[in-house]
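Heads up: the structure comes next, in structure tokens.
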Amino acid sequence: MLAQLFQAAKKVVVFTGAGISTACGIPDFRGPSGIWTLRKQGKDPPRGMMSFPLATPSFTHAALTSLVKAGRVSYVVSQNVDGLHLRSGMPRASLAELHGNCFVECCNKCCAEYMRDWEIQSVGFKPTGRSCAKEGCNGMLHDFVLDWEDALPEKDLLLAELHSREADLAICLGTSLQITPACNIPLKTIRKTNLKPTGETFVHGISLSLQRRSHHDIYLKRNMLSCFLLL
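For the sequence shown, the working numbering assigns the number 1 to the initial residue and increments by one for each residue that follows.
Written out as structure tokens, the structure is:
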């Protein structure tokens, strides 16, 4: 059914969360072994956590990049800051990073972005001490990771909402969609879907997740690798 809907769709938008990076050694937040789950249980974070610089993109990251470059996926909206979408070759113009990217520095003057091969050691759009390299700019660079009180980056948010409104298929991967306002963006596609209560994750379109919450059109409790092999 996933393959049939995917082939029939005119515009597909994919939403990704921490669950797509667990195969890379990066723990999620609300899964069975997630950081917040273990913290609520009074347990320590998962052992063997992979640092962001050492993590490499998974098959899911590579598959999404291939589908974007082939024109089968129109846009990807990510809540992850691990930089694995861009490091898999995803075009920046096809990606909204709603919570930022720990490898990116942004210019506060011309808004140029610099993708580094090291992790920026601050959050909350703080100055990094480096300057923009564009001729005639010399603006100050800052990190590109949201702190809890920060608003979502305006450009990424606007593009995510625009593409979601135009989409006729929304696929949510590895996310419980519990963080606002990002969790509301897939609902922009609701006018083109037949939302039904299912007792599963609060999304619509297609959800690939290991958690169950609310409602959507179709819920697939499958490994993402097997699903992308179908596509």
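All C-beta atoms in this analysis are idealised placements derived from N, C-alpha and C, irrespective of residue type, glycine included.
According to the DSSP assignment, threonine 65 belongs to the alpha helix (DSSP H) that extends over 59–69. Between valine 68 and proline 91, the alpha-carbon positions lie close to 8 Å from each other. Contact annotation, valine 81 with valine 145: C-beta distance approximately 5 Å; criterion of less than 8 Å satisfied. When C-beta atoms of the segment 90–106 are compared with those of the segment 119–135, three or more pairs fall below 8 Å, so the two segments count as touching.
The beta strand (DSSP E) runs lying completely inside the segment 76–111 and spanning 3 residues or more are 95–97 and 100–107, given in chain order. A residue is called buried when at least 16 other Cβ atoms come within 10 angstroms of its Cβ; glutamine 7 does not meet this threshold and is exposed. Scanning Lys109, Gly71 and Glu149 for the CA closest to the CA of glycine 136 turns up Lys109. DSSP, read as helix, strand or coil, puts aspartate 143 in strand. Comparing alpha carbon positions, the residue from Tyr114, Cys24, Pro181 and Leu169 closest to valine 76 is Leu169.
Phenylalanine 6: member of the alpha helix (DSSP H) spanning 2–8, first to last residue. Contact annotation: proline 57 and leucine 84 have beta-carbon atoms nearer than 9 Å.
Serine 131: member of the beta strand (DSSP E) spanning 127–131, first to last residue.
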